[in-house]
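Structure first, then comments.
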């Protein structure tokens, strides 16, 4: 047997706590990196339900590439549409400005014609009022009107009056005007008839001019156009005032209807003048300079007041002439202001046209740049997406490798430390030494291991121990125990640490010991040949097991190779139980025996032994279990200490054949004497909810007679006394009764 040492707990746990804290500090970075790695691995795949497609697969890459290209084409298409729309709007604005520029030229000719007709109307009224005394002046105004009519290019387009034959073309209008002039008669009666002719013609042309001022769709020169409209209307109202005023000064007082006509036109003219000053700063400044600050303004207001008073009793021809000259000069001033506004309109149109041309050029250049760069952008996005997909694939591979490495590191960590302790370290929690009031410690070794090592080469020994301990590790997974360590052929297991489980630690260790002792019979050592069997008693494995229950301390010790260690006299005593035991026997202390008695269901035999350093002490052999042992209300064993799974049995392990439930099944070293009837204990092996094999008897013999035993017989055991006090009966048809193992019988 390999040399083994045990450790006694120190009086204080300062050193242990220091080692544990050092371990915590050393492995805290590992815990944090482990958590971050877990987060990265966990977040490497983002699922979105039914719409989820694995981005690493070929289909996922194709869909991802299409999505990226579509997302690239959407803004490019939007920019192209915006560029085309911008260029179209700029071209439309330029065309509109060209139209406005042509209209300004056309309006200038019509405006000159209106001004000439207004003066001709005043001259005609003066001619009629003076009985044809000034034919030369009338002829002069006729010539000016004809010249203005010939200068017009666009003749009253889209006007309702054009449907009238006399106004359909400028030639027709000229003939119509000549016909009216030829019908002119010197008679006061026809003054207002002639005035209405000119007023109707002027009105149609003024309507054309006003329609022009409402044709600015882009709102570039609308203020100037409104001012021009107001000046045109004011000019027409002043022209009507001129005709009515001449008639007033020649005839004397005006009739009521003519007087209302005069006053209303004066009021409308003043309102139009006030309005155009609000919309055009150029017109306002010019009006103030050439009219408001001159003598002409006072003369106009004086004549207006004279006509408004309407109290002249006789004709005043000089007054009529002066009034005609004054108002005509005033009309010329309004024409100058109107020309200035039109000039401002033309300048604005030219500026806006230059801007529109610049916008068109910028739009075309931008469109060309976008059209040129779009394939480049799409190509770059395609390449970038391909690289990202390759990177994502590599990350996915690395993530899987990291996940596997993390799993391997966790398995290694769980082999070094209990799961609960490992979880505390992984979550940056400090692990301090703990004191446990009651635990059960298991020690076992292989009988004749030294001789076995002598007849085997090192690799055979290593393979043998690896197969054996793999078999042991598989077995302990069914029980609430923790493997502490292995030293050579020694195997140390504890229950009740680090998870407390009440008093059931003794039961878990006892069941494990019985299970191992039973199944090691089938564990073969293939490298032991017949020639070598002389140096070894058998090819079958022989275990020696010792158990003890008591208090101990436990904690993580070491930083380079951290281990979860147990400290205290309980460990030493358990080791002594094993070393003082016999092959194929389970040697238990009295403390372990008492705990098992509280639980019930175990068969024990008194031994007693003299141990060096302790003297004679009371010990027992654990012979077996009786009936179906109740494993108690505890934490299910699958919640911890389940870090290893077998895909196949370890090398050297022979799977035992399971007999049928009706066949006999003998418990190893469970020497139950024959009854007077000679019955044996037929049993059925079943698994409880924790995966532990339990044994039920199908019948049990009478126990009324006295049976002789040797000195170490079970007759001294509480179980035998139970049999003497409580005889049982059996029937041949009953296949289910079990021996009661309630702790109340002890």
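Residue numbers (the UniProt record's numbering): 1 to 746. Glycine residues also receive a C-beta, built at the ideal position from the N, C-alpha and C atoms.
**Request:** Output the distance between the C-alpha atoms of residue 270 and residue 359, rounded to the nearest integer angstrom.
**Result:** In this structure, the CA atom of residue 270 is about 42 Å from the CA atom of residue 359.
**Request:** Could you name the residues of the same chain whose beta carbon sits closer than 7 Å to that of residue 531, not counting the 5 residues immediately before and after it, in chain order?
**Result:** At residue 531 the pLDDT is 47, less than 50, meaning the model places this residue with poor confidence and gives no usable figure here.
**Request:** Would you mind sorting residue 614 into buried or exposed? The rule is 16 or more other CB atoms within 10 Å of its CB.
**Result:** For residue 614, the number of other beta carbons within 10 angstroms of its own is below 16, and it is reported as exposed.
**Prompt:** Should residue 231 and residue 107 be called a contact, given that it needs their Cβ atoms to be closer than 8 Å?
**Reply:** The criterion of a C-beta distance shorter than 8 Å is not satisfied by residue 231 and residue 107.
**Message:** Here's the rule I'm using: 16 or more other beta-carbon atoms within 10 Å means buried, otherwise exposed. How should residue 179 be labelled?
**Reply:** A residue is called buried when at least 16 other Cβ atoms come within 10 angstroms of its Cβ; residue 179 does not meet this threshold and is exposed.
**Backbone CA spacing between residue 479 and residue 443 [nearest angstrom]** = Straight-line Cα distance between these residues: approximately 16 Å.
**Message:** Quick check on residue 153: does DSSP put it in helix, strand or coil?
**Reply:** Taken through DSSP and simplified to helix, strand or coil, residue 153 comes out as coil.
**Request:** Check whether the stretch 137 to 154 touches the stretch 108 to 117, counting contact only when three or more Cβ pairs, one atom from each stretch, lie closer than 8 Å.
**Result:** Counting Cβ pairs under 8 Å, three or more are found: they touch.
**Request:** Mark residue 533 as exposed unless 16 or more other C-beta atoms lie within 10 angstroms of its C-beta, in which case mark it buried.
**Result:** In this prediction, residue 533 has a pLDDT of 45, which is less than 50 and means its spatial position is unreliable; nothing more can be read from the coordinates.
**Asked** If you draw a straight line from the C-alpha of residue 344 to the C-alpha of residue 293, how long is it?
**Response** Distance from the CA of residue 344 to the CA of residue 293, rounded to the nearest whole angstrom, comes to 23 Å.
**Message:** Pop quiz: residue 413 and residue 556 are said to be a contact at Cβ under 8 Å. What is the actual Cβ separation, rounded to whole angstroms?
**Reply:** Their Cβ separation, rounded to whole angstroms, is 12 Å, which puts residue 413 and residue 556 out of contact at 8 Å.
**Request:** Count the other C-beta atoms from every protein chain shown that fall within 10 angstroms of the C-beta of residue 591, then say buried if there are 16 or more, exposed otherwise.
**Result:** Counting Cβ neighbours within 10 Å, residue 591 comes out buried, since at least 16 surround it.
**Request:** Would you kindly check if the distance between the Cβ of residue 450 and the Cβ of residue 469 is under 8 Å?
**Result:** For residue 469 and residue 450, no; Cβs fall outside 8 Å.
**Cβ shell of residue 291 (< 6 Å), same chain only, five flanking positions each side left out** = These residues qualify, in order along the chain: 297, 333.
**Segment limits, alpha helix (DSSP H) that includes residue 593** = Taken as a continuous stretch (DSSP letters only), the alpha helix (DSSP H) holding residue 593 covers 590 to 599.
**Asked** Would you call the CB atoms of residue 752 and residue 577 closer than 8 Å?
**Response** Lying outside 1 to 746, the shown extent of the chain, residue 752 is not represented and no answer is given.
**Prompt:** The alpha helix (DSSP H) spanning residue 546 covers which residue range?
**Reply:** For residue 546, there is no enclosing alpha helix (DSSP H); the enclosing beta strand (DSSP E) has its first and last residue at 543 to 557.
**Message:** On the CB-based measure, 16 or more other CB atoms within 10 Å of its CB, does residue 111 come out buried or exposed?
**Reply:** Buried is the call here.
**Asked** Of all Cβ atoms in chain B, is any one closer than 8 Å to the Cβ of residue 137?
**Response** No chain B is present in this structure, which holds just one protein chain.
**Prompt:** Can you list, in chain order, the residues of its chain whose CB lies under 6 Å from that of residue 435, leaving out five sequence neighbours each side?
**Reply:** Within the same chain, residue 435 has close Cβ partners 553.
**Asked** For the putative contact between residue 330 and residue 300, defined by C-beta atoms under 8 Å, what is the C-beta separation to the nearest angstrom?
**Response** Taking the Cβ atoms as the reference, residue 330 lies roughly 5 Å from residue 300, within the contact range of under 8 Å.
**Item:** Extent of the continuous beta strand (DSSP E) run through residue 567
**Value:** First-last of the beta strand (DSSP E) with residue 567: 563 to 567.
**Asked** Measuring CB to CB, does residue 254 end up less than 8 Å from residue 310?
**Response** The Cβ atoms of residue 254 and residue 310 sit closer than 8 Å to each other.
**Prompt:** When the Cα atoms are used, what is the spatial distance from residue 604 to residue 399?
**Reply:** If I take the Cα positions, the gap works out to 55 Å.
**Message:** Classify residue 54: buried if its beta carbon has 16 or more other beta carbons within 10 angstroms, exposed otherwise.
**Reply:** Answer is exposed; the Cβ neighbour count stays below 16.
**Asked** Could you give the uninterrupted runs of the alpha helix (DSSP H) lying entirely in the stretch 405 to 451, keeping only those of 4 residues or more?
**Response** Listed in chain order, they are 419 to 426.
**Prompt:** To the nearest angstrom, how far is it from the Cα of residue 719 to the Cα of residue 407?
**Reply:** Residue confidence for residue 719 is low, a pLDDT of 32 falling below 50, so the modelled location carries little weight; the figure read from the coordinates is stated next. Answer to the nearest angstrom: the Cα atoms are 48 Å apart.
**Prompt:** How many Å lie between residue 281 and residue 223 at the Cα?
**Reply:** A straight-line Cα-Cα distance of about 10 Å links residue 281 and residue 223.
**Message:** Please report the straight-line C-alpha distance between residue 130 and residue 346, rounded to a whole angstrom.
**Reply:** Whole-angstrom Cα-Cα distance: 43 Å.
**Request:** Determine the contact status of residue 374 and residue 81, defining contact as a CB-CB distance below 8 Å.
**Result:** No; because the gap between Cβ atoms is not below 8 Å, this pair is not in contact.
**Request:** Starting from residue 605, trace the beta strand (DSSP E) both ways and give me its first and last residue.
**Result:** Residue range 602 to 606 is occupied by the beta strand (DSSP E) that includes residue 605.
**Prompt:** Taking C-alpha atoms, which residue in 60, 204, 319 lies nearest to residue 233?
**Reply:** Of 60, 204, 319, the residue nearest in Cα terms is 204.
**Prompt:** Skipping 5 residues on each side, what residues in its chain have a beta carbon closer than 6 Å to that of residue 389?
**Reply:** Counting only residues of its own chain and dropping the five nearest sequence neighbours on each side, residue 389 has a CB closer than 6 Å to the CB of 61.
**Asked** Ends of the beta strand (DSSP E) at residue 491?
**Response** It spans 490 to 495 - the beta strand (DSSP E) in which residue 491 sits, taken as one unbroken run.
**Request:** Can you check DSSP and say which residues form a bridge with residue 277?
**Result:** Answer is none; residue 277 lacks a bridge partner.
**Prompt:** How long is the line joining the alpha carbons of residue 368 and residue 79, rounded to whole angstroms?
**Reply:** If you take the alpha carbons of residue 368 and residue 79, they lie about 12 Å apart.
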